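Participant: Residue numbers (the numbering used here): 39 to 205.
Glycine included, every Cβ here is placed at the ideal spot set by N, Cα and C.
The structure displayed is predicted, hence computed values, not measured ones.
1. Can the beta-carbon of residue 129 be found less than 8 Å from the beta-carbon of residue 204?
2. Does the region 119–129 come close enough to the region 148–165 that 3 or more CB-CB pairs lie under 8 Å?
3. Can you say whether residue 136 is buried or exposed, counting buried as having 16 or more other CB atoms within 10 angstroms of its CB?
4. Rounded to the nearest angstrom, what separates residue 112 and residue 120 at their Cα positions?
5. Which term fits residue 154, buried or exposed, when burial requires 16 or more other beta carbons within 10 angstroms of its beta carbon?
6. Could you have a look at residue 158 and say whether DSSP puts it in helix, strand or coil?
7. Less than 8 Å between the C-beta atoms of residue 168 and residue 143, yes or no?
8. What first and last residue would you give for the beta strand (DSSP E) that runs through residue 137?
9. Closer than 6 Å by C-beta to residue 147: which residues in its own chain qualify, once you throw out the five before and the five after it? Chain order, please.
10. Taking the DSSP output, what are the residues bridged to residue 177?
11. As a quick exercise: from 110, 106, 197, 164, pick the residue whose alpha carbon is nearest that of residue 149.
12. By the DSSP assignment, the beta strand (DSSP E) with residue 111 in it spans what residues?
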């Protein structure tokens, strides 16, 4: 509750608008009361905005982790290699193998060098499936943690092999 104990208010006189006339003065007291009103806290509002910003940033980070890792099939210099030949990904992260040079290529996971219980036929290209043109891709998502060895069947003898570690 707010209380005003004294107020002086100047009221201009409109009855005689003469130059140099002095306004009449009124004095008295008034009691003003107001019920408490909930206050909106700027701090709380900023805190809510901060939480929203942090949640958005976390979503962006998680989304960026879901982006694909790209592996070139054939080096820029024409070499028969996976570039990079060894790398790590998070479980569930997509790997995109992209035809670059020295094709045809494919990606076959070695059944003896994958985590136990992984069916290589579900993650490998078949020996007959080949990427024949520049820019063609094969994508795979590995969910089981461990080491996976893979190769290009037409160029395995030339050393076109690779390894991915899933964390």
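Facilitator: If we stick to the structure as given:
1. In contact: residue 129 and residue 204 (Cβ atoms closer than 8 Å).
2. Fewer than three pairs of CB atoms, one per stretch, sit closer than 8 Å, so the region 148–165 makes no contact with the region 119–129.
3. With 16 or more other Cβ atoms within 10 Å, it is buried.
4. Taking the straight line joining both Cα atoms gives about 6 Å.
5. Under this definition residue 154 is an exposed residue.
6. The three-state secondary structure of residue 158, taken from DSSP, is helix.
7. It is a contact, given that the beta carbons lie within the stated cut-off.
8. Counting along the chain, residue 137 sits inside the beta strand (DSSP E) bounded by residues 132–137.
9. Answer for residue 147: 158, 161, 162, 186, 188, listed in chain order.
10. Beta-bridge pairing links residue 177 to 134.
11. Answer by Cα proximity: 164.
12. Element bounds for residue 111: 107–111.
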